[in-house]
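>
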Amino acid sequence: MDENGSRIRRRVSYRKRTRPSLESIGAVCTAAEHEPAPENVDEEEMVAGSRRRKTLDLQPVEVRPLLLESHVIPYPVPHFHDWGKHPGLLLPRMPTEKRVRDQPYDSEEDMFGDYDSFAENSLLHQIDDLEQKYIHLPEQKKQDKDLATKVLSSGHIEDNKLSIPVVGESAVLKDNEHTMNLSEPKDVTVESEMDLLYDVPSSQVLFFENLHNSSNNLSNHFTKGRDGNSSSCQALNEALPHSQMELPQQNDKSCSKVQTSADVTRRRSLKDHLKSAMTGNAKAQTAVFSKTKQLQETLISEEINVAKKALESSSDDRGPFYSLPSKVKDLYVQFKGIEKLYEWQHTCLTLNSVQERKNLIYSLPTSGGKTLVAEILMLQELLCRRKDVLMILPYVAIVQEKISGLSVFGVELGFFVEEYAGSKGRFPPIKRREKKSLYIATIEKGHSLVNSLIETERISSLGLVVVDELHMIGEGSRGAILEMTLAKILYTSKTTHIIGMSATLNNVKDLQEFLQAEYYSNQFRPVELKEYLKINDKIYEVNSKAENGITFSRLLNYKYSDTLKRVDPDHLIALVTEVIPNYSCLVFCPTKKNCENVAEMICRFLNKDYLKHKEKEKCEVIKNLKSISGGNLCPVLRRTVPYGVAYHHSGLTSDERKLLEEAYSTGVLCLFTCTSTLAAGVNLPARRVIVRAPYVAKEFLKKNQYKQMIGRAGRAGIDTVGESILILQEKDKPQVLELINSPLENCYSHLLQEITKGIQTLFLSLIGLKIATNLRDIYHFMSGTFLGIQEKILLKEKSLWEITEESLQCLTDKGLLQRDSATNSEEEIQHNFRITNLGRASFKGMIDLAYCDILYRDLKKGLEGLVLENLLHLVYLTTPYDMVLQCNPDWMIYFRQFGQLSPAEQKVAALVGVSESFIGKKASGQAIKKKVDKDIVNRLYLSFILYTLLKETNIWSVSEKFNMPRGYIQSLLTGAASFSSCVLHFCEELEELWVYRALLVELTKKLTYCVKAELIPLMEVTGVLEGRAKQLYNAGYKSLMHLANANPEVLIKTIAHLSRRQAKQIVSSAKMLLNEKAEALREEVEELLRLPSDIPDMAASMEKA
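Using the numbering used here, you'd call the opening residue of the sequence shown number 98 and step up by one each time.
(1) Is residue 1060 buried or exposed, if buried means 16 or more other CB atoms sit within 10 Å of its CB?
(2) Thinking residue 514 and residue 495 are a contact (beta carbons under 8 angstroms), I'd like their distance in whole angstroms, please.
(3) Could you tell me the distance, in whole angstroms, from the CA atom of residue 671 to the CA atom of residue 733?
(4) Suppose the cutoff is 6 angstroms on Cβ atoms and the five residues either side in sequence are ignored; what does the same chain contact list for residue 807 look like?
(5) Give the C-beta separation of residue 84 and residue 478 to the nearest angstrom, bearing in mind that I take them to be a contact with Cβ-Cβ under 8 angstroms.
(6) If you pair each beta-carbon of the region 1001–1010 with each one of the region 954–974, do three or more pairs fall below 8 angstroms?
(7) Among the residues of its own chain, which have a CB less than 8 angstroms from the CB of residue 878, if the five just before and after it don't count?
(8) Just to confirm, are residue 420 and residue 851 a CB contact at a threshold of 7 angstroms?
(9) Would residue 1162 and residue 501 qualify as a contact pair, given that the criterion is a beta-carbon distance under 7 angstroms?
(10) I believe residue 484 touches residue 558 by the beta-carbon criterion, under 8 angstroms. Please report the beta-carbon distance rounded to the nearest angstrom.
(11) Using only the alpha-carbon positions, how far apart do residue 433 and residue 425 sit?
(12) May I ask you to report which of helix, strand or coil DSSP gives residue 682?
(13) How would you label residue 1213, buried or exposed, when you count the other beta carbons within 10 angstroms and need 16 or more for buried?
(14) Do the CB positions of residue 834 and residue 646 come within less than 7 angstroms of each other?
(15) Tell me, which residues are paired with residue 456 by DSSP?
(16) Excluding the five sequence neighbours on either side, which residues of its own chain have a C-beta within less than 8 angstroms of the C-beta of residue 1038, listed in chain order?
(17) What do you get for residue 1014, buried or exposed, if any count of 16 or more other CB atoms within 10 angstroms of its CB means buried?
(18) For a quick check, are the C-beta atoms of residue 812 and residue 685 less than 7 angstroms apart?
(19) Does DSSP put residue 638 in a helix, in a strand, or in coil?
(20) Closest by CA to residue 640, which one among 650, 702, 928 and 742?
(21) Assuming residue 549 contacts residue 1101 (C-beta within less than 8 angstroms), just tell me the rounded distance between them.
(22) Can you give the beta carbon distance from residue 861 to residue 962, rounded, assuming they're within the 8 angstroms contact cut?
(23) Look at the Cβ atom of residue 1120, then the Cβ atom of residue 497, and state whether they are nearer than 7 angstroms.
(24) Considering only DSSP beta bridges, list what residue 822 is partnered with.
(25) Just checking, does the region 660–680 make contact with the region 853–860 on the three C-beta pairs under 8 angstroms criterion?
(26) If we call anything under 7 angstroms between Cβ atoms a contact, is residue 1122 one with residue 823?
(27) Can you check DSSP and say which residues form a bridge with residue 796?
(28) Helix, strand or coil, according to DSSP, for residue 489 in the structure here?
(29) Determine whether the beta carbon atoms of residue 66 and residue 456 lie at a separation below 7 angstroms.
(30) Could you have a look at residue 930 and say whether DSSP puts it in helix, strand or coil?
(31) Can you check whether the CB of residue 828 is closer than 7 angstroms to the CB of residue 945?
(32) Return the residue from the list 728, 719 and 1110 that minimises the CA-CA distance to residue 743.
(33) Based on the DSSP secondary-structure assignment, which residues constitute the bridge partners of residue 598?
(34) So, is residue 564 buried or exposed, given that buried needs 16 or more other C-beta atoms within 10 angstroms?
(35) Tell me the DSSP bridge mates of residue 651?
(36) If residue 503 and residue 480 are in contact, beta carbons under 8 angstroms, what's the gap, nearest whole angstrom?
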């Protein structure tokens, strides 16, 4: 800041489009500015840092930040030299009470110290005089502009940066060297720059540290470079953007003119505004803030630099928190309650293989804390090595849970958390210049993401890939897709680190060889697990040292009546009442129907005292269940929830499942009867786990499934011990004893078992991505896959070479590949393959190759008479083929729905080849001579369900109308949204299907959310489903901006049945999504404004030079 004149910063408040004209904002230069600097000003005082005040001769006066409706109020702002390089960043608002010379005052004292605020010699009085004396006259504007132009062209402009970042409905104008002359030299106290930054988010600390340093440097530059004739006009010029705008500047002569009486009449006195606003400030309570928090946040960038050096060195000094800023540790304490790592976690993180960035597989029992190690490694990659990270999880629900948990870390530490699940995800992902991204994806979306990075030659930007539940590599088509993903990463990127974790791994050596990884294992559990078997009324403890693996423990001590024995032969009532309601319990049942029956049976015989336990909270759960379901409530849940009992399986809607899980986690519900899917899904631990029978559906229990179920027993930090009880009949005893004493099942490659989703899809993508284009290269790639490692075990009849040849020939016959006839080589292995347009569309859209030709034919046929009067035709084209096989229409309902179709909707049915007469004959049981494609008929029926759902947006009413489980309808909707996204990518690669592109974008969005349009912005936030979105909307949170700026404590009080943890996660997720959108727009603008390096004129001028 120049000693010869005071600078005044201005804050402009406007609403939407009523922004004040920039030309109306001017800088006032006075004759005093041209006077030489006082000789008595000490040089050290002139270059003082941001925490030192600069004083001339007068009493200290504080200039407070005042935000009025339509007036510009001066307040001090730190000088940011490089402000223009960081658009969009807002200065934090100053605290209401900032004390002169940092001296504390009570509310009774005058906030201006000994200064009489309203006397004739007051600041207000001086400002009023200045306002009368130095307001721009219309006839002076031309003269002002001429002077400004002259000064701007005089060569004094060194750094012209002016930024007006806009957020929501307000903007802050920073004119760094704007000056105001006082008639006499006055002493104006300027607040410390750092005080203004007390509430800056930690994600911007590095930015502010750089700004602070550059500000000091600039201050020194001005101090050394000025002479007696320099003035604050030069400082003004340095702040003005020469290329964007020209602010009027008054010369000394114009400063002496007086405003006309008409101008005085038109304006409201600034003095009055200052008086009222300052009086209000004086009455307001002093803002309290922690400078400790501010100082901690400013250390983050330093610690990241230290961590980088630690990672690059071979030293054992790994930085403040495993090479991460101490802020990370604070966040884990604050949001997850983790104060100290387990010993095994410390050992794993300090392994030589981890420090040397070797691939790693580690295995521990369920609830051992595997995920925390992976999170720390991911944060190291994002913050220290500045690389993107991909985390692959098995289910959509787990993806959303993880995104909610990590969004707060992204907001605080400055990286993005992006969801790739269902229909969500961008291919290829946005290329970030500054912040890095953590991609959290399902297995299928993770594969598509890796394909897009390879295609755009950005796979090296992926520093780390983390795979949870690595054992799923041996499970069906999803295992085949996971194997393809990892094999491509290993083949195409030598710098990408792979971490795999699982609780149930056996043939680890095969996986080690495939992933070229080290292996770490530990049997640690935070809570001891005791396994029991129950046969009749006897309970045996599992003991590996015993002869047959079990020892007798106790007899059940519970009096059963004859009636109760008939209803509950397995003694479930006795087992659950030993723990509930004070502790939680999970009962795993073989089927969904059995879950509901067991829940009702237990409640029928529970004591009425159970109704009184947390009665108010349980009533609230029932009320919320009704609210999210449009007044509907499952009759089973109506009877069981008052007892603290509920069932949990895929028949529930997403909203119901989410609400029940929240109630269970908070202890309102104490018992879940559930299917095996809960064991592999979200983390819901219990004091006791009861396995109702050693069966999943009709299949006998596998060791992996059993281990996952009983792994839910024991809650860290709550229970001292966890118990599991497997109920069995005498006839099943030999198999059960073999089960508990046997090792875990081995993992085997499924590339061959899933031909169209496995090896054929792999070959198609290898050629499409140009990873390998001839037989020899493809075989070389296959030798490094999990299938190649297990070739001797899995391939008995044919060799890998023969299978490779056959698969390539099959793809060629389907028209997905073509042999390159341009090759001159006579050897078969040198023949190159190239992908056809249909083949490229199939692998880009992740379409099952069993259906790609059918899909293409249906889409082409649709073009002949596409009905756009309604959505039915488009819905039919995006109904998943794989769900058609599971469909068994109710012909009477089908016929009734057919009769309610409009003429345009009937036209769609006729176009696809289904007539009303055919459906009528099926409904009446008549014989049908004409042959009709069963798959088309079934697919149209599913289309009716989806179409009705889009119109009514109520799963319950559609469930009743079609007499189908609401959970199945929800699954159909989710599958249709995902398949619609795949069809969209399929059409983007085929020019002849261009018409579908815009149509499918909107349809995918409708299928993804299936709610009224006003709720969609809220449902974009991870973890906010329809029921919660309605609650938020009704409470006034109607946009993403509302949620991102919400106070979690206010949310808790406003939204029913919302915990503090959930409120914080919602706000963090909204902030993360808002940041992502803002960053994407900012980078798009920068890309548009960047000067291309290959402009012809520029290239020609460079050649001449």
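We put the CB at the ideal spot given by N, CA and C, even for glycine.
According to the data block:
(1) On the sequence shown, position 963 is the one that residue 1060 refers to. Residue 1060 should be labelled exposed.
(2) Here the question's residue 514 lines up with position 417 in the sequence shown. Here the question's residue 495 lines up with position 398 in the sequence shown. Rounded, the Cβ-Cβ distance is 14 angstroms, inconsistent with contact.
(3) By one-based count along the sequence shown, residue 671 stands at place 574. By one-based count along the sequence shown, residue 733 stands at place 636. Roughly 22 angstroms between the two C-alpha positions.
(4) Here residue 807 refers to the residue found at position 710 of the sequence shown. Closer than 6 angstroms at Cβ, skipping near neighbours: 786 and 821.
(5) One cannot answer for residue 84 here, as it falls past the ends of the chain, which runs 98 to 1202.
(6) yes
(7) Translated into the one-based positions of the sequence shown, residue 878 becomes position 781. Hits under 8 angstroms: 584, 588, 863, 868 and 869.
(8) One-based indexing of the sequence shown puts residue 420 at position 323. One-based indexing of the sequence shown puts residue 851 at position 754. Going by beta carbons, residue 420 and residue 851 fall outside the 7 angstroms limit.
(9) Taking the first residue of the sequence shown as position 1, residue 1162 is located at position 1065. Taking the first residue of the sequence shown as position 1, residue 501 is located at position 404. Yes; because the gap between Cβ atoms is below 7 angstroms, this pair is in contact.
(10) Working through the sequence shown from its first residue, we reach residue 484 at position 387. Working through the sequence shown from its first residue, we reach residue 558 at position 461. At roughly 7 angstroms, the Cβ-Cβ gap stays under 8 angstroms, so residue 484 and residue 558 are in contact.
(11) Along the sequence shown, one-based indexing puts residue 433 at 336. Along the sequence shown, one-based indexing puts residue 425 at 328. The straight-line gap from Cα to Cα measures roughly 11 angstroms.
(12) As a working note, residue 682 is residue 585 in the sequence shown. Note: residue 682 maps to strand in three-state DSSP.
(13) Absent from the model: residue 1213. The displayed extent of the chain is 98 to 1202, so no value can be given.
(14) The residue you call residue 834 lines up with position 737 of the sequence shown. The residue you call residue 646 lines up with position 549 of the sequence shown. One thing to note: residue 834 has its Cβ within 7 angstroms of the Cβ of residue 646.
(15) Taking the first residue of the sequence shown as position 1, residue 456 is located at position 359. BP columns for residue 456 point to 614.
(16) Here residue 1038 refers to the residue found at position 941 of the sequence shown. Hits under 8 angstroms: 984, 986 and 991.
(17) For the purposes of this step, residue 1014 is taken as the residue at position 917 of the sequence shown. Exposed.
(18) Walking along the sequence shown from the start, residue 812 turns up at place 715. Walking along the sequence shown from the start, residue 685 turns up at place 588. No, they are not a contact pair.
(19) If you number the sequence shown from 1, residue 638 lands on position 541. Here residue 638 sits in strand by DSSP.
(20) Numbered from 1 along the sequence shown, position 543 holds the residue referred to as residue 640. Among 650, 702, 928 and 742, the Cα nearest to that of residue 640 belongs to 650.
(21) What you label residue 549 is simply residue 452 of the sequence shown in a count that begins at 1. What you label residue 1101 is simply residue 1004 of the sequence shown in a count that begins at 1. The pair is not a contact, with the Cβ atoms about 18 angstroms apart (cut-off 8 angstroms).
(22) Within the sequence shown, residue 861 is the residue found at index 764, counting from 1. Within the sequence shown, residue 962 is the residue found at index 865, counting from 1. In fact, because the Cβ distance is near 31 angstroms, the residues do not count as touching under 8 angstroms.
(23) Along the sequence shown, read from residue 1 onward, the residue named residue 1120 stands at position 1023. Along the sequence shown, read from residue 1 onward, the residue named residue 497 stands at position 400. Yes; because the gap between Cβ atoms is below 7 angstroms, this pair is in contact.
(24) In the sequence shown, residue 822 corresponds to position 725, counting from 1. Answer is 629 and 787.
(25) no
(26) As a working note, residue 1122 is residue 1025 in the sequence shown. As a working note, residue 823 is residue 726 in the sequence shown. Their beta carbons are not under 7 angstroms apart, which means residue 1122 does not touch residue 823 by this criterion.
(27) Here residue 796 refers to the residue found at position 699 when the sequence shown is read from its first residue. Beta-bridge pairing links residue 796 to 793.
(28) The residue given as residue 489 occupies position 392 in the sequence shown. In this structure, residue 489 counts as strand in the three-state DSSP scheme.
(29) Nothing in the structure corresponds to residue 66, since the chain is present only between 98 and 1202.
(30) Mapped onto the sequence shown, residue 930 falls at position 833. Strand at residue 930.
(31) Your numbering for residue 945 matches position 848 in the sequence shown. Your numbering for residue 828 matches position 731 in the sequence shown. Contact flag unset, no.
(32) As a first step, residue 743 is located in the sequence shown; it is residue number 646 there, counting from the start. Among 728, 719 and 1110, the Cα nearest to that of residue 743 is on 719.
(33) Counting from 1 along the sequence shown, the entry for residue 598 is found at position 501. As DSSP reads the structure, residue 598 sits in a beta bridge with 459 and 565.
(34) Here residue 564 is taken as the residue at index 467 of the sequence shown, counted from 1. Burial call: buried.
(35) The residue given as residue 651 occupies position 554 in the sequence shown. Beta-bridge pairing links residue 651 to 636.
(36) What you label residue 503 is simply residue 406 of the sequence shown in a count that begins at 1. What you label residue 480 is simply residue 383 of the sequence shown in a count that begins at 1. Not a contact, Cβ separation roughly 13 angstroms.
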